[in-house]
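K.L.:
Next up is a structure, given as C-alpha cells.
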Amino acid sequence: MKSCKDGSFSNGGLRQYGNIEISPSAAVLNYGQGIIENLKAYKNKNGSIILFRVEENGLRMRVGADRMCMPAPTIEQFVEAVTSTVSANERWVPPSNKGFLHVQPLLMGNGPVLSLIPAPEFIFLIYVTPVRNYFEGGLKPINVVVENDIHRATLGGVGNIKAIGNYAGIMKAQAKAKANGFSDVLYLDSIHNRYLEEFSTANVFIVKDNTISTPVLGRTILPGITRKSIIEIAHRQGFKGISVV
C-alpha cells in the first residue's frame, strides 16, 4: 500500500512475490529512510497458525516511523495486512517445531529525493518466507561473543527503533563471530564499553541467583516485544527478582 498526501495509507492488496519498482533516488536507497519489523507465524501441534502480539509490532513501527519523519499505517491496517498475508501463504508455514514463516513488514521512502528531506511518497509492504529454526540446537544453549570494538547503537541515534540502517553496521562483527564458531554477538554500550546492551537482533536477560536483569529501555535499547512479554509473565507469576538496570 502507498501513502496519500495527507499521510494516510490506502488499502493495499495481495500480489505474487516479485520485484518492485522504486526510484533510483528514493530516500530509502540514498538516505536510509526506512523501518522494518519482524514477526513469526508458527503452527501448533494441532496445525493451527499462531501469530504473537501483532498489534505491538504495528505500534512499534509507528513509533519508529515518527522518529524517521515517516507516516505509517494504522495499527488496524498493520494487523490486517499481516494476517491477510499469512493466511494467503498458509501452505508455506512449516510443521510444528520445524521452523516458522518469517513475516517481514517494510516501510520505506520512495520517490525522487535529491536532498536530505523526507520522501514525497511512502510504501508499506509485507513479504513472507518459510524458515527453519535459526539455531540448529533449537532451545539448547548457544555460544556468543562479546564485541569490544563495534557498537550496535549510540546515544542520540536510532538504536531504539528498527531503522533499516541499524543492521548493516554490525554485519562485520556478525560475520567475524560466525567465522569463529559463535552463534551471535553481544554488544556493549558505546560510552563506557563495559555495560551489556543487546544481541544483534534480540534483547538480553541475565539470570543469577533467582534474579532476572535486563538493560532499561532508553535511547539505545530496542523495546522488544518478547522482552516486554517476559517481564509481564514474570510479574504475573509472582516472580520477585526482576531488575531493570
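Using my numbering, you'd call the opening residue of the sequence shown number 105 and step up by one each time. We treat Cβ as the ideally placed atom computed from N, Cα and C, and that holds for glycine.
(1) Closest to residue 313 by C-alpha separation, out of 253, 343, 234 and 254, would be which residue?
(2) Just the C-alpha distance for residue 199 and residue 231, rounded to the nearest angstrom, thanks.
(3) Is the stretch 118-137 touching the stretch 149-156 in the sense that three or more CB pairs, one from each, lie closer than 8 Å?
(4) I'd like to know whether the C-beta atoms of residue 139 and residue 169 end up nearer to each other than 8 Å.
(5) Which residue comes first and which comes last in the alpha helix (DSSP H) that contains residue 168?
(6) Who pairs with residue 206 in a beta bridge, going by DSSP?
(7) Among 258, 326, 318 and 333, which residue has its Cα nearest to the Cα of residue 296?
(8) Thinking C-alpha only, which one of 188, 145, 283 and 185 is nearest residue 248?
(9) Nearest to residue 157 by alpha carbon, out of 341, 294, 334 and 338?
(10) Count the other CB atoms within 10 Å of the CB of residue 107; is the residue buried (16 or more) or exposed (fewer)?
(11) Counting along the chain, where does the alpha helix (DSSP H) carrying residue 187 start and finish?
(12) Per DSSP, which one or two residues make a beta bridge with residue 214?
(13) Can we count residue 156 as close to the ligand PLP, meaning its CB is less than 7 Å from some heavy atom?
(14) Considering only the alpha carbon of each residue, which of 274, 142 and 310 lies closest to residue 206?
(15) Could you check the C-alpha separation between residue 287 and residue 178 for me, to the nearest Å?
(16) Taking only the alpha-carbon atoms, compute the straight-line gap between residue 213 and residue 315 and give it to the nearest angstrom.
(17) According to DSSP, is residue 315 helix, strand or coil?
(18) Hey, residue 299 and residue 290: beta-carbon distance below 8 Å or not?
(19) With burial defined as no fewer than 16 other Cβ atoms inside 10 Å of the residue's Cβ, what is the status of residue 191: buried or exposed?
(20) Looking only at its chain, what residues have a beta carbon closer than 7 Å to the beta carbon of residue 163, apart from the 5 residues adjacent to it on each side?
(21) Quick one: using the 10 Å Cβ neighbour count with 16 as the cut-off for buried, is residue 279 buried or exposed?
P.N.:
On the basis of the coordinates in this document:
(1) 343
(2) Computed Cα separation, rounded: 20 Å.
(3) no
(4) yes
(5) 158-171
(6) 144 and 233
(7) 258
(8) 283
(9) 334
(10) Within 10 angstroms of the beta-carbon of residue 107 lie 16 or more other beta-carbons, which makes it buried.
(11) 179-192
(12) 225
(13) Absent from the structure shown: the ligand PLP. Ligands present: none.
(14) 142
(15) 36 Å
(16) 43 Å
(17) strand
(18) no
(19) exposed
(20) 179
(21) exposed
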